[in-house]
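Chains as they are written, first to last, in the numbering used here: chain S, 729 to 1060; chain H, 465 to 788.
C-beta: ideal position from N, C-alpha, C; glycine also.
Notes to accompany the following structure.
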Amino acid sequence: MSLLEINNLVTSFKTEQGKVQAVRGISFSVEAGEIVGVVGESGSGKSQSMYSLMGLLSDNGVIEDGSMIFDGHEISPAKFEGTQTEWEKYMEDIRGNTISMIFQDPMSFLNPVLNIEKQLCEPLIYHKNIKDKAELHKMAVELLTQVGIPSPEERLKQYPHQLSGGMRQRVIIAIALACHPKMIIADEPTTALDVTIQAKILELIKKQRDRLGAGVILITHDLGVVASTCDRVNIMYGGKIVETGTADEIFYNGMHPYTQGLLSCVNNPEAEDHKLRPIPGSPPDLLAPPAGCPFVDRCEHAMKVCKLYPAPETRLSETHKVNCWLTEKGKI
Amino acid sequence: MQNAILKVDHVKTYFPVSTSIFAKKQYLKAVNDVSFEVGEHETFGLVGESGCGKSTLGRTIVRIYDPTEGKVFYKGQDIGRLKGDELKKFRKEVQMIFQDPYASLNARMTVGEIIREPMDIHHLYGSKQEREERVSQLLETVGLKPDHIRRYPHEFSGGQRQRISIARTLALDPKFIVCDEPISALDVSIQAQIINLLEKIQDEMNISYLFIAHDLGAVKHISQRIGAMYLGSLVEIGESEELYRNPLHPYTKALLSAIPIPDPQVMRKRAALDLDGEIPSPLNVPTGCAFRTRCPKAMPVCAEVKPELQTVGTSQVACHLYAK
């Protein structure tokens, strides 16, 4: 049984303009010890699907359908066995404990008026019920050492503004690791950082995955980051997963025109005279998403059927699946 | 260089910082003795980690900041001495595109007003009518629709907003544009659109760019030459293909080896990054070579003498490893 199984998740938001269908029926699973990349542009629903999983949707957000089974337990609010309050209590218990999250912007995630030690010990006190000050201090030092922060004793007394961006991100990772989570969700963990720091942070995430055997979901829009870390990749577009496969299947045998478009519009500095082929147009409006394939308006191979009906899933291998009428009809 | 449109000559830009009123006045050395030239119709890329002074250098070139020492020459004229009509002409010909398309457009002006404003200020074209026509032309050039003219910035996506700010920049027929991270706030599929647009208008209007970015992939794609900057100084300048294939300075090497390549097999073979620590504070720049505290090849001489840029092959590099 997989560590996490998401089946047909549908999430929408009520707004003044109408219902925004952010996530429109996605299914995927994550095994222990594996890094799964979720790639998509802003507004593709990648972050909101994770917030749905964590029970962190804003007030106007609703999970309309689908099941989410984490570690053998159903955690979607509608199907949870128990009352709303019991669900909230359950989610509070697993958040930061068995599932933890690493956010994009370390400055807005850390509390500016608490020192690093207080913030680092909070999950330990709350989830593990450790009260002994000396023990907490020892654990905090150990956590900072694990994420590669030099002179941890001094750092613990400092406040977030005294640390650089890379250091803050390391502190966030230390907090996420504090309770030895079974699953780590990293939402664009390196987007705000320099490439040199990014390389170090990605190495760190891989190392901690190996140490804890945790499953990792890495949300990103950078295909370079995906290539350097992920075992499997889900490509999201317009609230749907349009293609899923191992990293090699996606990068060398990507079938969906969106996947191919993404790969040909990134700068691969290894390529000799590489001509960028941008994808024309912009992503669909999720207030009124197209009835058929979400990519239809930007796709150069679009056919009549693409406009009318969503493409069925075509299985290309045990791991490689694509939702596209072209593959379904055997045209490419 | 024969036809340099811009010449940066030993520029230093320092900012005074006071920690307390009794403390000795300290200077943050954002740009510390930088020299380079940009040719006509050339794109010069500038890369480096955040805090290395690349944006300050860009702003010094368009005279948002005045250099503490050194001079910037535009078409042979010292921009620090420009006054009156000459300064106005410089302001018209040298433009800037900013990183954040959400912050750089006035939310209370329509797209038409935003693009027309620079033309109004510089009294270009005879009548308002002609300016309006020019606005429609510009919208077409950057790939927006004519009916967008009456809309407000919030109605547009990030990529479209960046197109609006490019149209505003082009309104004055600039000859030199400083692009300060113009694509880093955009989605990947949109980044390529903007890069292609910048290349297209460069060819059509014969513009030179200073392209500042931390994404080396994009910089290599668009630039003919690249300068790598570390703690306020240029450590290496080279032809972009040469700099990418044969980096000389240990910092350039480290920076290049940190770029993630969208190719899983290449990434699996790659060794861990050989660069420890973080960029030191520009308030307290290490003596000698600024990079020596993180350099895997540091020697005793690196702490004593600041290396000067010297020519090695077709590149210029500031490193004692290449001392003759």
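Beta carbon of residue i nearer than 7 Å to that of residue j
| i | j | result |
| --- | --- | --- |
| residue 507/H | residue 655/H | no |
| residue 754/S | residue 737/S | yes |
| residue 645/H | residue 677/H | yes |
| residue 617/H | residue 625/H | yes |
| residue 782/H | residue 699/H | yes |
| residue 847/S | residue 915/S | no |
| residue 583/H | residue 635/H | yes |
| residue 502/H | residue 521/H | no |
| residue 726/H | residue 788/S | no |
| residue 940/S | residue 908/S | yes |
| residue 896/S | residue 834/S | yes |
| residue 924/S | residue 722/H | yes |
| residue 804/S | residue 796/S | yes |
| residue 844/S | residue 884/S | yes |
| residue 641/H | residue 671/H | yes |
| residue 471/H | residue 693/H | no |
| residue 922/S | residue 513/H | yes |
| residue 1128/S | residue 838/S | Missing from the structure shown is residue 1128/S; chain S here goes from 729 to 1060 and no further. |
| residue 956/S | residue 651/H | no |
| residue 767/S | residue 732/S | no |
Any chain H beta carbon closer than 7 Å to residue i
| i | result |
| --- | --- |
| residue 949/S | yes |
| residue 706/S | The first residue shown for chain S is 729 and the last is 1060, placing residue 706/S beyond what the model contains. |
| residue 994/S | yes |
| residue 1010/S | yes |
| residue 917/S | no |
| residue 750/S | no |
| residue 976/S | yes |
| residue 1060/S | Caution is warranted here: a pLDDT of 49 is assigned to residue 1060/S, below 50, making its placement in the model unreliable, and the coordinate value is therefore given only provisionally. False, the Cβ-Cβ gap to chain H never drops below 7 Å. |
| residue 769/S | yes |
| residue 997/S | yes |
Residues near residue i in its chain [Cβ-Cβ closer than 8 Å; skip 5 each side]
| i | result |
| --- | --- |
| residue 1018/S | 966, 1012, 1024, 1025 and 1035 |
| residue 991/S | 951, 979 and 982 |
| residue 563/H | 644, 645, 646, 648 and 649 |
| residue 604/H | 610 |
| residue 1008/S | 1026 |
| residue 958/S | 763, 764, 765, 946 and 975 |
| residue 932/S | 875, 876, 898 and 901 |
Cutoff 7 Å: residue i Cβ touching any chain S Cβ
| i | result |
| --- | --- |
| residue 708/H | yes |
| residue 678/H | yes |
| residue 657/H | yes |
| residue 570/H | no |
| residue 467/H | no |
| residue 631/H | no |
| residue 481/H | no |
| residue 660/H | yes |
| residue 518/H | no |
Close Cβ partners of residue i (< 6 Å) along its chain, the five nearest in sequence each way excluded
| i | result |
| --- | --- |
| residue 968/S | 752 and 1022 |
| residue 580/H | 595 and 599 |
| residue 534/H | 473, 474, 475 and 476 |
| residue 974/S | 960 and 1047 |
| residue 678/S | Limits of chain S in this structure are 729 at one end and 1060 at the other, which puts residue 678/S out of reach. |
| residue 707/H | 690 |
| residue 855/S | 825 and 907 |
| residue 741/H | 758 |
Where residue i falls: helix, strand or coil (DSSP)
| i | result |
| --- | --- |
| residue 623/H | helix |
| residue 1008/S | coil |
| residue 759/H | coil |
| residue 837/S | helix |
| residue 779/S | helix |
| residue 570/H | coil |
| residue 899/S | helix |
| residue 1060/S | With a pLDDT of 49 at residue 1060/S, under the threshold of 50, the modelled position of that residue is not reliable, and the figure given next carries that caveat. Three-state result, residue 1060/S: coil. |
| residue 561/H | strand |
| residue 1051/S | strand |
Nonlocal neighbours in the same chain, by C-beta distance under 7 Å from residue i, ignoring five residues either side
| i | result |
| --- | --- |
| residue 489/H | 480 and 482 |
| residue 770/H | 752 and 753 |
| residue 1030/S | 1024 |
| residue 539/H | 469 |
| residue 565/H | 622, 625, 626, 629 and 649 |
| residue 772/H | 782 |
heavy atom of the ligand GTP below 6 Å from residue i C-beta
| i | result |
| --- | --- |
| residue 543/H | Absence of the ligand GTP from the depicted structure is noted, as is the absence of any ligand whatsoever, leaving it without description. |
Residue i at chain B interface by Cβ criterion, 7 Å
| i | result |
| --- | --- |
| residue 877/S | In the structure shown, chain B does not exist; the protein chains are S and H. |
Under 8 Å: do the stretch 1039 to 1056 of chain S and the stretch 971 to 987 of chain S share three or more Cβ pairs, one atom per stretch?
yes
Just checking, does the stretch 894 to 908 of chain S make contact with the stretch 856 to 872 of chain S on the three C-beta pairs under 8 Å criterion?
yes
Three or more C-beta pairs below 8 Å linking the stretch 707 to 718 of chain H and the stretch 754 to 761 of chain H
yes
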